[in-house]
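Peer 1: If you're matching them up, the sequences are chains A and B in order.
With the first letter of the first sequence counted as 1, position 100 gets the number 100 in the numbering used here; the numbers rise by one all the way through.
So the number in the numbering used here is just where the residue sits in the second sequence, counting from 1, plus 1000.
Dropping a structure here in structure tokens format, bear with me for questions.
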Amino acid sequence: MILRTGSRERVGWRVWLPLVTVALFAACGGPFPQSTLIPKGDFAQMVDEVFSATVRWATLVFVLVEGVLIVAILKFRQRPGDAEPTQTHGNTVVEMVWTIIPAAILTFIAVPTVRTIFRTAELPEGGLEVEVIGHQWWWEFRYPAQQIVTANEMHVPAGRPVIMKIRTADVLHSFWVPQLSAKRDAFPNKYTTLFFTTDSLGEFTGQCAEFCGLQHGRMGSLVVVQTPDEFAQWVERNQVGSPLINRGVVAADSAAADTARGAGRAAQDSIEAKGRETFLAAGCIGCHAMVGTPTAGVLTLQGPNLSHFGSRRRLAAGMLPNTPENLAAWLRDPQAVKEGSLMKLPRPLTEAEISTLVAYLRAHQ
Amino acid sequence: MATSVLDHSDSTAPGHTGLWSWITTVDHKRIGILYGATAFLFFLIGGLEALLIRWQLARPENDFLSPELYNQLFTMHGTTMIFLGVMPLSAMFFNFLIPLMIGARDVAFPRLNAFSYWVFLLGGLFLNFSFLINAAPNAGWFGYANLTSRQYSPGLNIDFWVIGLQILGVASIAAALNFFVTIVNLRAPGMRLMRMPMFVWMSLITQMLLLLAFPVITVALVFLMADRTFGSSFYTPGGGGDPTLWQHLFWIFGHPEVYILILPAFGIVSEILPVFSRKPLFGYAAMVFSGAFIAFLGFGVWSHHMFSTGMGPVADSVFSLTTMLIAVPTGVKIFNWIGTVWGGSLRLKTPMYFALGFVAMFIIGGLSGVMHSSPPADLQQTDTYFVVAHFHYVLFGGSIFALIAGAYFWFPKMFGVLLDDRIGKLQFWLTFVGMNLTFFPMHFLGLHGMPRRVYTYPSGLGFDLMNLTQTIGSLILGLSFLVMLYNIWKSVREQPRRIAPADPWDAATLEWSIPSPPQEFNFAEIPTVEHRDELWWRKRKAGGPLPEPARVSGKGIHLPNPSYWPLVTAVGILVFMTGFMAGGVVLNLAGAAILFFGAFRWAFEPTG
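Structure (structure tokens):
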């Protein structure tokens, strides 16, 4: 559900272009929750304004030129007994005119284009910085100031600029959340940047836009826009056991996790202890950082950080809802769920182990 | 040098038929037909790949294709259509038409011409052989580093792609040199540059593009092969390389390549529209210079494929403006085509249907091109279906429409048979409806957020019905090409009733002044050219249609001897290149030996 809090909605192309779309493809229409034509972030809005101006000119040119072509075809069809038409070879004045007019129209597109290029090149002040790291085939998000590491789900506060520093851990990817900002490629040897500010609370989906191998089609991301208060709470929760805070401090992690859990302690303790044991025994720690285990402080593991997995909405980079059933299926055979995924079980898990792990992972909110 | 004069009186005489005559042929017309037949076959394979892709995407979460096979299919669809479909189909027209249009007996280097064809054929077979061992290229036709590194693509897939493209590059460069020299040196007396048919002009410009662009991809591929085979790191950051380098090199080739695919189409349409409008091309000089200007600018816009890499505002602005500038000469071309039609007396035959369809569809592709010349807009559109829509309007609505128009137009000249006009028009409407159903919704699909190159998509994003519409459209497109095949089969079968005269369309260029199909020596006597629309000029001087030219004896006309050394040399290149993938130095040496032996015998062979 996308809540509209801003009053900056401008009635114009962004409203009626989708309407035209719906009209053109009567039954094909939406809703379109990932549409660039329904921008919710300032970056996407700036892009949409340039695009709308271009579409207006393009529509005008389209109607005129195709119209003249159709008139010509209808008007000058050969009729029986037609004499040879006048053998014209050209007309300098006419040719000058139709060289100059398109050039003039292009300036009307070029000026807002260049202006927007420079507007979107300047990073806003006082933004929340998020390091976005592409992996085959999932996204990692690090918040250096908040000292948080998470995966596939980026939480941001409404009303505050978000500045993304983008890179990759392996091959090229491209980070793209269409309604909030446009896309920017991820390189292994440099950072690229992108930003947005939004007043719209809710969830926004995105997808990797640069072909990155086998499961490029299943490399989704989710941006959760929250009120500043909700965001602060989320930050506080996720700081527990964060590798950026507790590098290599196992005991402290464990203790902090215990403190954070609060009520229902006895039952929780049993899930925690058994789950932790299975997590270690089954080899999960080979690839995943997890609060309360020896990997809690490690940043360089291949798989996503699982410390607060229970609070995440989706599984396998946006592919499935994070339900106990889906998680169990994933743990039973990740290759059957997402062929070629780099998640490879060191050994098959028993059903008992799977249900223990499901309870354990889901308990960490 | 020893020479021999053969009896070239008639191409159907003994010794001029049979498989061996095709293997050893150096006749530009036969090589053109070989190019056409081979490329059409590859084109159908590429189309089949497209249909499989569309079938997979017909509904969300479909599992008709595995992700791996899907990736192989979209990579091979792009690679096939560009390098094995549209380029060699254009080469068919270069081969068949350039000597005829400029009044020459053959191309400048007939055996080099045969060599180009054989290298192309072997390269195409090599690329497609990868399917048989389940290792077809799978990193996209653009093969972005560092996904193509040995680390992330350990299989043979990328090796097939690298080596296949290198082999095809040899064919393209050799052919480009040949046609360039042919057009510059072999024009008939009086055929001044500004009297050349527009198709020859566009071909000349295309050859220049090929000669300047292909060395770049060759170098880029050598680097990639070195990275993969010898562990260098041109593109891998671990060793200090930069994956962005690949993107620059690839698109410095890749954008001119776009014009390599479309300029021959411009040429074809510029020949057809005047003939069926019964008046000369409007603004000939503007057409020549706009074509040259497009080609020139084509080398200064490559980074518009890279706006999302974050090049900075200055580079973004510069490449955006140069890209927008291309719209001006392109607009000039479109307006001149409409100016040609305007005031004419339109004979609406199948070639004209497709030529007019070309203009109508190309306008749409041009306009969407202007839309993503704006970097901010492109940041949303790049790598989405919007771009897929754009370039299919340019390449299918543009190049393929023009190539089909050209096929209907020149088929009678090539084979002496007129294709059925009613079936041709049926094919046009199927193609027209199918193409718009397939590609028009892609604009909206992309704008609504569907990325390219994804093997499936979830439902709930509003993509489902548009995708289904597109799949239905693609099936109609597939059907339209079956109709074309049926038309060719039916028309050839009915040949006695469909024999084409020398000039069935009342056309303006020299190839229509000689019998259909032309005799092996083309012109019994080299013509003298007095006018830009030479044949119209001759008919006007004669006050009516010219008499049907007689088939004459070619006794005494020197033509090059048939030769199989070009094929041997081409095999040498294939074997040599394969050594970089499998078989190692032994194959390299064997290939080099065949290559040098073939070239040696070729050099000292009597040329006739």
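Heads up, the beta-carbon is just placed ideally off N, CA and C, and yes, glycines get one too.
(1) Would you mind reading off the limits of the beta strand (DSSP E) that contains A/L128?
(2) Any Cβ of chain B within less than 8 Å of the Cβ of A/S35?
(3) Would you kindly work out how many angstroms separate the C-alpha atoms of B/H1448 and B/T1471, rounded to a whole number?
(4) Taking just the CA atoms, how far does B/F1576 sit from A/G275?
(5) Pick helix, strand or coil for B/A1599, following the three-state DSSP scheme.
(6) Compare the Cα-Cα distances from A/V111 to each of A/P294, A/A209, A/T54, A/V156 and report the closest residue.
(7) What do you reckon, are the CB atoms on A/F211 and B/L1461 nearer than 8 Å?
(8) Does the structure place the stretch 131-143 of chain A close enough to the stretch 98-109 of chain A that three or more beta carbon pairs sit under 8 Å?
(9) Does B/P1375 have its Cβ less than 8 Å from a Cβ in chain A?
(10) Please report whether the beta-carbon of B/R1059 lies at a distance below 8 Å from any beta-carbon of chain A.
(11) Between B/A1603, B/I1594, B/G1584, B/V1586, which lies nearest to B/N1561 when the distance is taken from Cα to Cα?
(12) If B/N1467 sits next to B/A1058, beta carbons under 8 Å apart, how far is it from one beta carbon to the other, in whole angstroms?
(13) Taking Cβ positions only, does B/E1068 come closer than 8 Å to chain A?
(14) Counting along the chain, where does the beta strand (DSSP E) carrying A/E351 start and finish?
(15) To be precise: take each residue of the stretch 1387-1403 of chain B, compare its Cβ to all Cβ atoms of chain A, and keep it if any distance is under 9 Å. Which residues remain?
(16) For the structure I just gave you, are there three or more beta carbon pairs, one from the stretch 1353-1360 of chain B and one from the stretch 36-53 of chain A, closer than 8 Å?
(17) Please name the residue in B/K1555, B/M1208, B/G1344 whose C-alpha comes closest to that of A/H89.
(18) Quick one: Cα of B/E1271 to Cα of B/F1126, how far?
(19) Compute the Euclidean distance between the alpha carbons of B/P1189 and B/H1531, then round it to the nearest angstrom.
(20) Ignore the nearest five residues each way along the sequence and tell me which others in B/G1155's own chain have a CB closer than 7 Å to its CB.
(21) Taking CB distances under 8 Å as the criterion, tell me whether A/D82 reaches chain B.
(22) Check each residue of the stretch 1131-1146 of chain B: if its Cβ is closer than 9 Å to any Cβ of chain A, include it; give the result in chain order.
(23) In angstroms, rounded to a whole number, what distance separates the CA positions of B/A1091 and B/D1106?
(24) So the candidates are A/V61, A/F204, A/I117; which of them puts its Cα closest to the Cα of A/A158?
(25) Would you say B/L1379 reaches chain A, if we count a Cβ-Cβ gap shorter than 8 Å as a contact?
(26) Looking at the unbroken alpha helix (DSSP H) that takes in B/H1372, where does it start and where does it end?
(27) What is the rounded straight-line gap between the Cα of B/I1338 and the Cα of A/G303?
(28) What number of angstroms, rounded off, separates the C-alpha of B/A1213 from the C-alpha of B/Y1144?
(29) Is it right to say B/G1331 is buried, meaning 16 or more other beta carbons lie within 10 angstroms of its own, or is it exposed?
(30) Compare the C-beta of A/G402 with all C-beta atoms of chain B and state if any pair is closer than 8 Å.
(31) With H, G and I counted as helix, E and B as strand and the rest as coil, what does DSSP make of A/R142?
(32) With distance defined between alpha-carbon atoms, name the residue in B/K1333, B/H1248, B/Q1247, B/F1282 nearest to B/L1263.
(33) What does B/D1242 touch in chain A if you count any residue whose Cβ is under 8 Å from its own?
(34) If you reduce the DSSP assignment to three classes, tell me which class A/D185 lands in.
(35) Here's the rule I'm using: 16 or more other beta-carbon atoms within 10 Å means buried, otherwise exposed. How should B/G1434 be labelled?
(36) Pull up the distance between the alpha-carbon of B/A1050 and that of B/F1074, whole angstroms please.
Peer 2: Taking the geometry as given:
(1) 128-135
(2) yes
(3) Their Cα atoms are separated by approximately 18 Å.
(4) 58 Å
(5) helix
(6) Of the listed residues, the one whose Cα sits closest to A/V111 is A/T54.
(7) no
(8) no
(9) yes
(10) no
(11) B/A1603
(12) B/N1467 to B/A1058, Cβ: 6 Å. Contact.
(13) yes
(14) Element bounds for A/E351: not the beta strand (DSSP E) but the alpha helix (DSSP H), 351-363.
(15) none
(16) no
(17) B/G1344
(18) 35 Å
(19) Distance from the CA atom of B/P1189 to the CA atom of B/H1531, rounded to whole angstroms, is 11 Å.
(20) Non-local C-beta neighbours of B/G1155 in its own chain, meaning closer than 7 Å and more than five positions away in sequence, comprise A1135, ordered along the chain.
(21) yes
(22) N1138, A1139, G1140, F1142, Y1144, A1145, N1146
(23) 15 Å
(24) A/F204
(25) yes
(26) From DSSP, B/H1372 is part of no alpha helix (DSSP H); its letter is neither H nor E.
(27) 59 Å
(28) 18 Å
(29) buried
(30) A question about residue 402 of chain A goes unanswered here, because the residues of chain A that appear run from 1 up to 365.
(31) Three-state DSSP puts A/R142 in a strand.
(32) B/K1333
(33) N189
(34) strand
(35) buried
(36) 7 Å
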